[in-house]
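Engineer: In order, the protein sequence lines correspond to chains A and B.
FYI, my numbering numbers position 101 of the first sequence as 190, with every residue one higher than the one before it.
FYI, my numbering numbers position 110 of the second sequence as 199, with every residue one higher than the one before it.
2 protein chains.
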Amino acid sequence: MKRLALFAVSLLTASLTFAQQALWGGGPLVSPEVHDDNTVTFRIKAPKAVRVQVTGDFLPQTKVETPRGTWDMPGTAELKEGRNGVWEYTTPQPLASELYSYTFVVDGQRMPDPANVYMVRDVATVSNIFLIKGGQADLYAVNSVPHGTLSRVWYDSPTLGMQRRMTVYTPAGYETGNKRYPVLYLLHGMGGDEEAWVTLGRAAQILDNLIAQGKAVPMIVVMTNGNASQEAAPGESAQGFCPVSSNLPKTMEGSFETAFPDVVKFVDKTYRTRKDKHSRAIAGLSMGGFHSLHISKQYPDMFDYVGLFSAAILPGKDTLSDIYRDSDAKLDTQFARKPALYWIGIGKTDFLYKANADFRQKLDSKGYAYTYMETEGGHIWRNWRIYLSEFATKLFR
Amino acid sequence: MKRLALFAVSLLTASLTFAQQALWGGGPLVSPEVHDDNTVTFRIKAPKAVRVQVTGDFLPQTKVETPRGTWDMPGTAELKEGRNGVWEYTTPQPLASELYSYTFVVDGQRMPDPANVYMVRDVATVSNIFLIKGGQADLYAVNSVPHGTLSRVWYDSPTLGMQRRMTVYTPAGYETGNKRYPVLYLLHGMGGDEEAWVTLGRAAQILDNLIAQGKAVPMIVVMTNGNASQEAAPGESAQGFCPVSSNLPKTMEGSFETAFPDVVKFVDKTYRTRKDKHSRAIAGLSMGGFHSLHISKQYPDMFDYVGLFSAAILPGKDTLSDIYRDSDAKLDTQFARKPALYWIGIGKTDFLYKANADFRQKLDSKGYAYTYMETEGGHIWRNWRIYLSEFATKLFR
Chain A
90 MKRLALFAVS LLTASLTFAQ QALWGGGPLV SPEVHDDNTV TFRIKAPKAV
140 RVQVTGDFLP QTKVETPRGT WDMPGTAELK EGRNGVWEYT TPQPLASELY
190 SYTFVVDGQR MPDPANVYMV RDVATVSNIF LIKGGQADLY AVNSVPHGTL
240 SRVWYDSPTL GMQRRMTVYT PAGYETGNKR YPVLYLLHGM GGDEEAWVTL
290 GRAAQILDNL IAQGKAVPMI VVMTNGNASQ EAAPGESAQG FCPVSSNLPK
340 TMEGSFETAF PDVVKFVDKT YRTRKDKHSR AIAGLSMGGF HSLHISKQYP
390 DMFDYVGLFS AAILPGKDTL SDIYRDSDAK LDTQFARKPA LYWIGIGKTD
440 FLYKANADFR QKLDSKGYAY TYMETEGGHI WRNWRIYLSE FATKLFR
Chain B
90 MKRLALFAVS LLTASLTFAQ QALWGGGPLV SPEVHDDNTV TFRIKAPKAV
140 RVQVTGDFLP QTKVETPRGT WDMPGTAELK EGRNGVWEYT TPQPLASELY
190 SYTFVVDGQR MPDPANVYMV RDVATVSNIF LIKGGQADLY AVNSVPHGTL
240 SRVWYDSPTL GMQRRMTVYT PAGYETGNKR YPVLYLLHGM GGDEEAWVTL
290 GRAAQILDNL IAQGKAVPMI VVMTNGNASQ EAAPGESAQG FCPVSSNLPK
340 TMEGSFETAF PDVVKFVDKT YRTRKDKHSR AIAGLSMGGF HSLHISKQYP
390 DMFDYVGLFS AAILPGKDTL SDIYRDSDAK LDTQFARKPA LYWIGIGKTD
440 FLYKANADFR QKLDSKGYAY TYMETEGGHI WRNWRIYLSE FATKLFR
């Protein structure tokens, strides 16, 4: 019997190996390959393809003319066909340290790199990712440091009348200690959900690394779902594996802001939080910056730290929610109580740059203090990761 | 300024929509489309392709001859090209209720369905998934029931000398209550990791649904990483986005079993567990069944419930660990203490069927009680989800 079982175990290994080889159609292709000098080679086997391109944020953006104006789109590069139908492209220059995303375009059809299992979803698009260490992206890598816990938690929102899902980061040592922690509420943009900040935003890695380096204080980070019509991220609610839309109802019309106290109440009841204003921060990107702006002025005693990352500023014209009424008076009240930090970050080519400049002018005209960071580039995750990396170091000091 | 900001907000929406359209190369293609009668249509745009197939576990398996014997491989079906370069295939028959996985094969190259963002990784292979409700798969769907929390937690393993990652399911009500819960330790197979049972195995959905129906008692489920050389799943450790291998060192040579008390100690210290043997179960699939077998007999006072799902039985010939010494005597000790449940499940065509039959014969010859479930099919996730759905209902009664 022993020999038979041994055979079975070797089959077990063989079967997996075989299955992989069979499924992958030959020997393993390495893609992307990051070379020692930080140039990168992309490879894909496509023997019958006519044209193979790679597109991603590691390439210079290109201007595309549209009826609505000129848009910055990710660049593309052409792969060349070599032996055995394997197409290849190597970046002419080393890439700077960053977390990059890309996909192939085979005969006009976008497709993920079949050799790279690391993928992230951005709204309805799935891309592969890779990371170049040795600089900014060291903050985005999993390093040999103590790691916090990442939880998907359901909470009750009586205001919205539903159970909703959030992602919660508790810092290393939370489970085994009894300390109380301050809380950063971190909000996503339009089309995103409670997954966005931990997948595209690398929030857990950024916090793990900053805390380990002593550059941020240990904190809880609560990442909500800002689409008030949605229980949870696509695939994670009773709606099932439905198509993904960035055009959801109830996103920037006051519902989420109105229901936000439900979130804070649940978090303060469930986790060992410090419950005072000085121990609460709120920040978000794009729509989440808009939410952060309006939530923090609606509840002026709730948050002492506010971060607007490439934020939208004003609601749509037909938006009737009380949340957006008397905005100037509410801002006056908020700033009269002197927030510990009001932080604004935006990219130079962001389509919301002008709206943010106008908003800063308003703050300036009233003499309200804020911290401002301007970066290269536009409305992109690269900037939002940088803003979080910067903002988190300034909290709860 | 208001009009400008309004414009910015409409741009915000437009930009996302535009980006998607640009990236997707036209109007949205629905794939897979599950029709009312549970037939399913798959679609992909590939105007220059010569041959497009779909492969997946919804198709009948095919026999493939290899030097090592005859293997059951997933079947393939041919798509037909229609208008605008869109290829299509509709299943001739309705599909039974199940969670299915598939990919396309375009001119011999496996690729995920670009229209379907729902994907799972199985070792080094990424596939799309879809779900047919109305039967067994209702247990695998997210339904409108109270949801437990799913956490990725790092723990210290002094025995292995590293921080390691585990996935922990705590049942609905855990955060807001003060009850203590029994614990199921649920182990993955070769090439898997601490993600496998919650992605491919749908463990959180199965537990949520069984508990909501009153068919399982509320329990904590701890899903470890059974590769003792690995801190965490690929991409989640300091190794970075490394290639994925099913051929890892230190998987079935005693290290994981030896270090298992570290896991139980951490869990009992960190969570509100019931700490007695009657409140602990251990189960696993394939290599995880092997681990469950050897851990439960090595520590005969630790687990009252044992589940072997398509389990490997005996270690390799050159495996020297004490864990595998005196196996018969250890089994005698374990069964003398009369486990509340010793459960064995296997598929009729599983390559480990004979090894399991031999093992059952040994148990029979000694008069040791166990529960046995035999299903159709082989060494596949479909069976392991069924076994968990069955096993979980029998625990902690």
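All residues carry an ideal CB built from backbone N, CA and C; glycine is no exception.
None of the values given here were measured: they were computed from a predicted structure.
Using three-state DSSP, classify A230 of chain A as helix, strand or coil.
Structural biologist: Walking along the first sequence from the start, residue 230 of chain A turns up at place 141. Coil at A230 of chain A, not helix or strand.
Engineer: State the start and end residues of the unbroken alpha helix (DSSP H) segment that holds T347 of chain B.
Structural biologist: Sequence index remark: in the second sequence, residue 347 of chain B carries index 258 (1-based). Per DSSP, T347 of chain B belongs to the alpha helix (DSSP H) from 344 to 359.
Engineer: Are S186 of chain B and K137 of chain B closer than 8 Å when you measure CB to CB?
Structural biologist: The residue labelled residue 186 of chain B in the question sits at position 97 within the second sequence. The residue labelled residue 137 of chain B in the question sits at position 48 within the second sequence. No, Cβ-Cβ distance for S186 of chain B and K137 of chain B is not below 8 Å.
Engineer: Does the beta-carbon of D390 of chain A have 16 or more other beta-carbons within 10 angstroms, so that it is buried, or is it exposed?
Structural biologist: As a first step, residue 390 of chain A is located in the first sequence; it is residue number 301 there, counting from the start. Per the 10 Å Cβ criterion, exposed.
Engineer: Can you tell me where the beta strand (DSSP E) holding S246 of chain B begins and where it ends?
Structural biologist: Reading the second sequence from its first residue, position 157 is the one you call residue 246 of chain B. Unbroken beta strand (DSSP E) run through S246 of chain B: 238 to 246.
Engineer: Is K169 of chain A buried or exposed, if buried means 16 or more other CB atoms sit within 10 Å of its CB?
Structural biologist: Here the question's residue 169 of chain A lines up with position 80 in the first sequence. The residue in question, K169 of chain A, is exposed, as its Cβ has fewer than 16 Cβ neighbours within 10 Å.
Engineer: For chain A, check one thing: does any of its Cβ atoms lie closer than 8 Å to the Cβ of A111 of chain B?
Structural biologist: As a position in the second sequence, residue 111 of chain B is number 22, starting the count at 1. Reliability fails at A111 of chain B, whose pLDDT of 32 lies under 50, so the model's placement of it is uncertain and no value is given.
Engineer: Is there a Cβ from chain A that is less than 8 Å from the Cβ of E325 of chain B?
Structural biologist: Residue 325 of chain B sits at position 236 when you count from the first residue of the second sequence. Taking Cβ atoms only, chain A reaches closer than 8 Å to E325 of chain B, which makes this a yes.
Engineer: Could you list which residues in chain A have their beta carbon closer than 8 Å to that of E264 of chain B, in chain order?
Structural biologist: The residue you call residue 264 of chain B lines up with position 175 of the second sequence. Chain A residues near E264 of chain B: V242, T359.
Engineer: I need the straight-line Cα distance from G281 of chain B to R426 of chain A, nearest angstrom please.
Structural biologist: Stepping through the second sequence from its first residue, residue 281 of chain B is reached at position 192. Stepping through the first sequence from its first residue, residue 426 of chain A is reached at position 337. When rounded, the distance between both Cα atoms is 53 Å.
Engineer: Does K134 of chain A pass the burial test, meaning 16 or more other C-beta atoms within 10 Å, or should it be called exposed?
Structural biologist: Numbered from its first residue, the first sequence carries residue 134 of chain A at position 45. The residue in question, K134 of chain A, is buried, as its Cβ has 16 or more Cβ neighbours within 10 Å.
Engineer: Can you give the Cα-Cα distance for W113 of chain A and V175 of chain A, rounded to whole angstroms?
Structural biologist: The count along the first sequence starts at 1 and reaches residue 113 of chain A at position 24. The count along the first sequence starts at 1 and reaches residue 175 of chain A at position 86. Confidence is the limiting factor: at W113 of chain A the pLDDT is only 32, short of 50, which leaves the residue's position unreliable, though a coordinate-based value still follows. Each residue's alpha carbon lies about 13 Å from the other.
Engineer: Relative to the C-alpha of T130 of chain A, which residue among A:N173, A:P149, A:Y191 is closest?
Structural biologist: Position 41 of the first sequence holds residue 130 of chain A. Closest option to T130 of chain A, Cα to Cα, is A:Y191.
Engineer: If the cut-off is 7 Å on Cβ atoms, which residues from the segment 402 to 431 of chain B count as contacting chain A, listed in chain order?
Structural biologist: Residues I402, L403, G405, K406.
Engineer: For the alpha helix (DSSP H) containing S385 of chain B, name the first residue and the last one.
Structural biologist: In the second sequence, counting from the first residue as 1, residue 385 of chain B sits at position 296. Element bounds for S385 of chain B: 376 to 387.
Engineer: Is there a C-beta anywhere in chain B that falls below 8 Å from the one on I469 of chain A?
Structural biologist: Position 380 of the first sequence, counting from 1, holds the residue named residue 469 of chain A. No, its Cβ sits nowhere closer than 8 Å to a Cβ of chain B.
Engineer: Using 10 angstroms around the beta-carbon of P156 of chain B, count the other beta-carbons present and answer buried if the total reaches 16, otherwise exposed.
Structural biologist: Stepping through the second sequence from its first residue, residue 156 of chain B is reached at position 67. When all chains shown are included, P156 of chain B counts as exposed.
Engineer: Mind listing the chain B neighbours of S385 of chain A? Cutoff is C-beta to C-beta under 8 Å, in chain order.
Structural biologist: By 1-based counting over the first sequence, the position of residue 385 of chain A is 296. Neighbours of S385 of chain A on chain B: none; closest Cβ ~18 Å, over 8 Å.
Engineer: Against chain A, does L220 of chain B count as a neighbour if the rule is that its beta carbon must be under 8 Å from one of theirs?
Structural biologist: Numbered from its first residue, the second sequence carries residue 220 of chain B at position 131. Closer than 8 Å to some Cβ of chain A, the Cβ of L220 of chain B qualifies, so yes.
Engineer: Pick from A:Y229, A:E177, A:D202: whose alpha carbon is nearest that of L188 of chain A?
Structural biologist: The residue given as residue 188 of chain A occupies position 99 in the first sequence. Comparing Cα-Cα distances from L188 of chain A to each of A:Y229, A:E177, A:D202, the minimum goes to A:Y229.
Engineer: Rounded to whole angstroms, what's the CA-CA distance from T482 of chain B to N298 of chain B? Just pull it up for me.
Structural biologist: Your numbering for residue 482 of chain B matches position 393 in the second sequence. Your numbering for residue 298 of chain B matches position 209 in the second sequence. The alpha-carbon atoms of T482 of chain B and N298 of chain B are separated by roughly 11 Å.
Engineer: Let me see if you follow: with CB-CB separation under 8 Å, is A138 of chain B close to chain A or not?
Structural biologist: Within the second sequence, residue 138 of chain B is the residue found at index 49, counting from 1. Yes, contact with chain A.
Engineer: Indicate the three-state DSSP secondary structure (helix, strand or coil) for Y258 of chain B in the structure shown.
Structural biologist: Taking the first residue of the second sequence as 1, we reach residue 258 of chain B at position 169. Looking at Y258 of chain B - three-state DSSP - the assignment turns out to be strand.
Engineer: Please name the residue or residues paired with I218 of chain A in a DSSP beta bridge.
Structural biologist: Here residue 218 of chain A corresponds to residue number 129 of the first sequence, with the count starting at 1. Answer is A:S190.
Engineer: Starting from D421 of chain B, follow the alpha helix (DSSP H) in both directions and report where the run begins and ends.
Structural biologist: Along the second sequence, read from residue 1 onward, the residue named residue 421 of chain B stands at position 332. That run of the alpha helix (DSSP H) goes 416 to 425.
Engineer: Taking its Cβ as the centre, do 16 or more other Cβ atoms sit within 10 Å of H124 of chain A, making it buried, or is it exposed?
Structural biologist: Here residue 124 of chain A corresponds to residue number 35 of the first sequence, with the count starting at 1. Classification of H124 of chain A: exposed, given that the 10 Å Cβ count is below 16.
Engineer: For K304 of chain B, name the three-state secondary structure that DSSP assigns.
Structural biologist: Translated into the one-based positions of the second sequence, residue 304 of chain B becomes position 215. Coil at K304 of chain B, not helix or strand.
Engineer: How many angstroms separate the CA atom of S478 of chain B from the CA atom of T248 of chain B?
Structural biologist: The residue given as residue 478 of chain B occupies position 389 in the second sequence. The residue given as residue 248 of chain B occupies position 159 in the second sequence. Cα to Cα, the separation comes out at about 32 Å.
Engineer: Just curious, the beta strand (DSSP E) that E167 of chain B is in, first and last residue?
Structural biologist: Position 78 of the second sequence, counting from 1, holds the residue named residue 167 of chain B. E167 of chain B -> beta strand (DSSP E) spans 165 to 167.
Engineer: So does the segment 282 to 294 of chain B actually touch the segment 314 to 334 of chain B, counting three or more Cβ pairs closer than 8 Å?
Structural biologist: Counting Cβ pairs under 8 Å, three or more are found: they touch.
Engineer: Across which residues does DSSP place F398 of chain A in a beta bridge pair?
Structural biologist: On the first sequence, residue 398 of chain A is found 309 positions in, with the first residue counted as 1. In DSSP, F398 of chain A forms a bridge with A:L374, A:G434.
Engineer: Since A285 of chain B meets chain A, which of its residues come closer than 9 Å, beta carbon to beta carbon?
Structural biologist: The residue labelled residue 285 of chain B in the question sits at position 196 within the second sequence. In chain order: nothing, as chain A lies at least about 13 Å away.
Engineer: Can you give me, in chain order, the residues of the segment 179 to 196 of chain A that have a beta carbon less than 7 Å from any beta carbon in chain B?
Structural biologist: Those would be D196, in chain order.
Engineer: Could you say which of B:S399, B:T313, B:R369, B:T438 lies nearest to T256 of chain B if we only look at CA atoms?
Structural biologist: Here residue 256 of chain B refers to the residue found at position 167 of the second sequence. Comparing Cα positions, the closest option is B:T313.
Engineer: When you compare the CB of S454 of chain B with every CB in chain A, is at least one pair closer than 8 Å?
Structural biologist: Position 365 of the second sequence, counted from the first residue, corresponds to residue 454 of chain B. Chain A, which has no Cβ nearer than 8 Å to the Cβ of S454 of chain B, makes this no.
Engineer: Using 8 Å as the limit for Cβ to Cβ distance, is H380 of chain B near chain A?
Structural biologist: Within the second sequence, the letter at position 291 stands for residue 380 of chain B. Not closer than 8 Å to any Cβ of chain A, the Cβ of H380 of chain B fails to qualify, so no.
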